[in-house]
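Working notes, structure below.
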Amino acid sequence: MRRVINLNNNWKFIRQDEGQAMNRNWNDEDWEVVNVPHTWNAIDGANGLNYYKGACWYRKEIFIDSLANGNKVFIEFNGSNSITDVYVNGQYIGQHKGGYSTFRFDITEAVKYGSKNILSVKVDNTVVDDVYPQKADFTFYGGIYRDVNIIIANPVHFDLMDYGSTGVYMIQEEVNHEKASLNIKAGLVNANQEDKKVRLWADILDAGGNLVSYAAKEVIIPAGETKLVEMPAAIENPTLWNGRKNPYLYEARVSIQSFNDTIDELSIPFGVRYFSVDPEKGFFLNGEPLRLNGVSRHQDRKDMGWAITEKDKIEDMELIKEIGATSIRLAHYQHDQFFYDLCDREGMVIWAEIPFISVMSNSELEGMNAKQQMIELIRQNFNHPSIMFWGIQNEIQIGGDRPEVRRLVKDLNQLTKLEDPTRLSTMANVSFVEESDEYNFITDILGFNHYFGWYTGIPEEFSDWIDSFHKVNPNVALGISEYGAEGIVEYHNNDPKVRDYSEEYHALCHEKIWKIFEKRPFLWGTYVWNMFDFGANIRDEGGVKGRNNKGLVTYDRRIKKDAFYMYKAHWSEEKFVHITSKRFVDREAESIDLKIYSNCQEVTLFVNGKEMKTIVSDDRVFIFENIPLKEGITVIRVVSSQEGSLIEDTTFFNKVAEPNLSYEAPDDGKGKAAENWFQMPDFSDVVVEEIEIADDVYSTRCTFGDIVNNEEAKAVLRKYMGKLDEHPMFAMTVGMTVDQVSKMAKEVYTEKMMYMLNKDLTKIKK
C-alpha cells in the first residue's frame, strides 16, 4: 500500500540564487527556517511594482526508512511558482515549468534508504518566454506555496506520473435520473522486471458508505510498462449532484489486488450529474434551469500571498456561500485541490482555467507550456463534479492580433475536447473583440470581460451591448466573465461618480449592472470581478499601490463592502438588513438619503430611537429620503420582522461643519481616473477634419508597441499622452492598437485626441 509523508515543516530557505546549493554538503546553517506553504513575496508582492523576482533555494533533510527499499519513491509538489528544479543528494532529478499544478518526480534511484537525504529545490518566479503567464494583472508570487509530499508506492501502482493526476478517471458516459453509466479508466504501472497479473477492483459507495455498484477486471501488466484499463460500471436510480441544493457525493474505492494483498488503493469522491447551456435559456443542471450567479476568485491574501492555509480557503468559501453565489470562476490558473474539493462539497458550479492570459510568447509559437498546463488542469481535476467548464484563455487578444495566437486558441480548444469531451470549453474575450470575430465561435460557450461604468462609459451601456451581441450571434451562448469597479472603503461620496473609487460608486455600479443582468436569462453565467481584493503589482491607483481593489471583500477578508450586501440581497435566502455607507461617518449635510440592502419585503427606520417610516418593496434596495441629522451623533437603526423575530442593523453618523477630506481619493494625476495615466491636453480649439491614412505610415491603427519602437512616433505619443510608455500598466497594452484601446476608454481617447494623434503620426513613414 502507498504511504504519503508530508514534508511541509522545517525547510531551510535563502532569498537569492546560490549557484551550488544543490550539493549535498552545502552549508545552509545561516539560512532562514521556514515552513511550507511559503512565498518570498508575502509582503512585497502587493505593495507596488518592485517585488523580488528571481531564483531562490529551499533545502530539507528527509529520511526514507529501509522498509521503503524495493518500492517506488516519488516527491510531489502541489504548487511551486513558477520554474522548479529538484535535486536529491546532489543528483539532478528534473524541472517543472508552471506555477499552479501538481507535479511529481521519481526519486527512487537517488535516495538512500535508512539514512538522511538532502532535498534541494530551486524555485524561480522570473518571467520567461516559454512559461505562462507572460503578463497579467496580478502578482506572480514566488515560492513553494502548497504542500510537498513523499509518496512511497509498490512497484505496481496507479500511475503517479500521469501529469500529476491520480491516474484514475471516473468518466460519466451517460447520466440521467434513472441511471448513471460510468467508465472507470485507470493507468496501471508495473515497475518490476517481469510481467504482473493483478485484479483491478472498484467499489462504489453512496454517501452513507453503502455499496451501490462495483466493477472488477483481471489484468496482466507487461514488465516496465503502463497499461490503461477500462471498466464499465453503473449506478441505478442515482442521487444526482445538484449544486447547492444537494451536492451529493459518491465514493469510488479503486484498488489493485494481487492474491490476498491490496498493493495500491485510492479513494475518489465524485458526483454524477448532467448539464447543458442553451443560447436562449441559459444554464441547465440535471434538466432544470439554474442561474449561475458567479464570482471570481484569486487565491492570495494580505501578508500571505499565495501561501494560504486550509482555514483561509474555508473562510473564502464561507464568504462566497454567504453572498448566495451558485458559481465560481477560479481565475486565472489552476487552484489548490483542497479548494476544488470544497466546491464539490458545497455545490458550486466551477469554471476552471489555465494562465494563458493577456500575451502569448513572441518566441515559442507552438504553445507547448500552455498545452501542458491544459492537460495538467484537466487530468488532475477530472473527477471533480463541480467543474463544468474548462477555460482556455483570458483576454489573450491584448497581446495583438497574431495568427499564431488564433491558431493556439483553436489548438487548446481541440486539446480540451480531446482530453475531456464530457465538459464544455469556454474562454474570456477582451472587450474590444468584434461581434463577428471568429474568437466568438471557437469554444462551446463564451465569456466577455466588460467594464462599462469603470474603464469605459456608464453601467447602463451593458444593455445595448448584450442585446446587440445576442441579436447578431443568437446561436452563441454568451456569459459575462468579468465586470466591476474599484471600491476603496476609505473613500465616500454623496454623489458617487464613475472612477471616484468610493464605496458608494462601487456599490451603485454593481447595483445598476445586476438589474441589467437579471432581466436577461439567456446569459449562461455572470461573474463579478472580483470576490476579494488581490495583489496586482503593476497597479498604483486610488492611492493604493500593488492592489486591485475591485473585490466585494477586502484583501484581508475583514471588511465586506456594501456591494457584497447588494448581491446578498438578490442571491441569498438568509434574511438580513444592511445599512450602506456606514464608513461614511462624518457628514456636513443637514439631511441625507439612506440606502438599505435587504432581501426582506418590509424595512422600518428608526432615527435616534424614534420610528420614522416603513417601506414595503420587493426591489431589495430601500431608500429613505431626507433623513435629518442633528448636531453631533445621529443613531440610525433599521428593523424587519421575520416570522416573529427581529433582524436589524445599526450605525451612526456624525454631523460636521466641513467635509472630511480623507473621504476623497487623491487626484495625483496617475490614479484617480482609472485609465488616466497622463494629463489631458486642451483640445478645445481643435477642428476635426478627415485624414487619409496610408498603409506605410504610423497611425492609431498601429499597436502601442510599434509606436514606441520608433523614436519619432513615440515622441508624438508622449506629446499628447505624457510618458505613457513608462507606466507599469503600459505593458498590458503593447500588443493593442490605439484604436482598440480607444473603444474601451472613449472619455480619454476622444475624437479630437484621435484626430491629433493621427494628424502627427501619419507624417511618419514606417
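All you need for our numbering is the position in the sequence shown, starting with 1, plus 129.
Beta carbons are placed, not taken as given, at the ideal position from N, Cα and C, and that holds for glycine.
Could you have a look at residue i and say whether DSSP puts it in helix, strand or coil?
i, result
"Tyr726", "strand"
"Leu289", "coil"
"Tyr343", "strand"
"Gly798", "Reliability of the predicted coordinates at Gly798 is poor, the pLDDT of 47 falling under 50, and no value is obtained from them."
"Asn375", "strand"
"Pro757", "strand"
"Asn578", "strand"
"Tyr620", "coil"
"Cys185", "strand"
"Glu832", "Residue 832 is actually Thr in this sequence, not Glu. Strand at Thr832."
"Met741", "strand"
"Glu444", "helix"
"Pro603", "coil"
"Gly664", "strand"
"Leu421", "coil"
"Met885", "helix"
"Gly174", "helix"
"Phe388", "coil"
"Ala803", "For Ala803, the predicted model reports a pLDDT of 41, less than 50, meaning its position is unreliable; a value from the coordinates is still stated below. Coil."
Taking the C-alpha atoms as reference points, what is the distance between residue i and residue j?
i, j, result
"Val318", "Val297", "12 Å"
"Asn200", "Lys241", "13 Å"
"Ile143", "Gly219", "17 Å"
"Asp436", "Pro166", "Looking at the sequence itself, residue 436 is Ala, so the reference to Asp does not match. If I take the Cα positions, the gap works out to 5 Å."
"Ile525", "Ile486", "5 Å"
"Asp896", "Phe269", "There is simply no residue 896 to check, as the chain begins at 130 and stops at 895 in what is shown."
"Asn887", "Phe646", "38 Å"
"Val605", "Arg676", "34 Å"
"Ile172", "Gly608", "35 Å"
"Trp169", "Gly271", "6 Å"
"Ser871", "Leu734", "46 Å"
"Asn135", "Ile273", "14 Å"
"Asn558", "Asn312", "34 Å"
"Ile898", "Gly453", "With the chain covering only 130 through 895, there is no way to say anything about residue 898."
"Glu493", "Ala197", "41 Å"
"Ser631", "Asn176", "21 Å"
"Gly798", "Thr891", "Bear in mind that the predicted position of Gly798 carries a pLDDT of just 47, short of 50, making it too unreliable to give a figure here."
"Asn805", "Arg749", "Confidence in Asn805 is poor, its pLDDT being 43 and thus under 50, which makes the residue's placement unreliable; the coordinate value appears in the next sentence. If I take the Cα positions, the gap works out to 35 Å."
"Gly800", "Val358", "Confidence at Gly800 is low in this model, with a pLDDT of 42, below 50, so its placement is unreliable and the value that follows should be read with caution. Their backbone Cα atoms lie some 58 Å apart in a straight line."
"Ser209", "Glu147", "18 Å"
"Arg847", "Lys784", "46 Å"
"Asp825", "Lys875", "26 Å"
Flag this pair as yes or no: are the beta carbons of residue i and residue j separated by less than 8 Å?
i, j, result
"Met151", "Ile392", "no"
"Asp465", "Arg275", "yes"
"Ile236", "Ile222", "yes"
"Ala832", "Met873", "Strictly speaking, residue 832 in this sequence is Thr, with Ala absent from that position. No, Cβ-Cβ distance for Thr832 and Met873 is not below 8 Å."
"Ile212", "Lys226", "yes"
"Leu602", "Glu564", "Residue identity differs from the one stated: residue 602 is Asn in this sequence, not Leu. A contact, by the Cβ cut-off of 8 Å."
"Trp658", "Ile574", "no"
"Gly119", "Glu615", "Because the chain here runs from 130 to 895, residue 119 falls outside it and cannot be looked at."
"Lys251", "Asp291", "no"
"Ile721", "Ile756", "yes"
"Glu482", "Asn512", "no"
"Ser746", "Lys724", "no"
"Trp594", "Asp549", "no"
"Ile527", "Met861", "yes"
Per DSSP, which one or two residues make a beta bridge with residue i?
i, result
"Glu482", "Gly520"
"Phe404", "Leu414"
"Pro361", "Asn312"
"Trp140", "Val163"
"Thr295", "Looking at the DSSP assignment, Thr295 forms no beta bridge with any residue, so it has no partner."
"His707", "Tyr726"
"His225", "Thr213"
"Phe234", "Ile204"
- Would you call the stretch 390–410 and the stretch 428–446 in contact, with 3 or more CB pairs under 8 Å? Counting Cβ pairs under 8 Å, fewer than three are found: no touch.
- So, do the stretch 502–512 and the stretch 525–545 have three or more beta carbon pairs nearer to each other than 8 Å? Contact holds: three or more Cβ-Cβ distances are below 8 Å.
- Query: Should the stretch 373–389 be called in touch with the stretch 656–671, which here means at least 3 C-beta pairs below 8 Å?
  - Reply: No, the stretch 373–389 does not touch the stretch 656–671.
- Message: Counting beta carbon pairs with one atom in the stretch 698–711 and one in the stretch 186–205, are three or more of them shorter than 8 Å?
- Response: No, they do not touch.
- Task: Could you tell me whether the stretch 410–423 touches the stretch 622–629, where touching means 3 or more Cβ pairs closer than 8 Å?
- Result: The stretch 410–423 vs the stretch 622–629: no contact.
- Quick one: any contact between the stretch 392–401 and the stretch 277–290, if contact means 3 or more CB pairs under 8 Å? Yes: the two stretches touch, three or more of their Cβ pairs being nearer than 8 Å.
- Message: With three or more C-beta pairs closer than 8 Å as the rule, is the stretch 789–798 touching the stretch 833–844?
- Response: With a cut-off of 8 Å, the stretch 789–798 and the stretch 833–844 do not count as touching, because too few Cβ pairs lie within range.
- Query: With a cut-off of 8 Å, do at least 3 Cβ pairs link the stretch 708–720 to the stretch 751–771?
  - Reply: With three or more CB-CB distances shorter than 8 Å, the stretch 708–720 counts as touching the stretch 751–771.
- Evaluate the contact criterion for the stretch 321–331 versus the stretch 340–353: three or more CB pairs, one atom per stretch, below 8 Å. Yes: the two stretches touch, three or more of their Cβ pairs being nearer than 8 Å.
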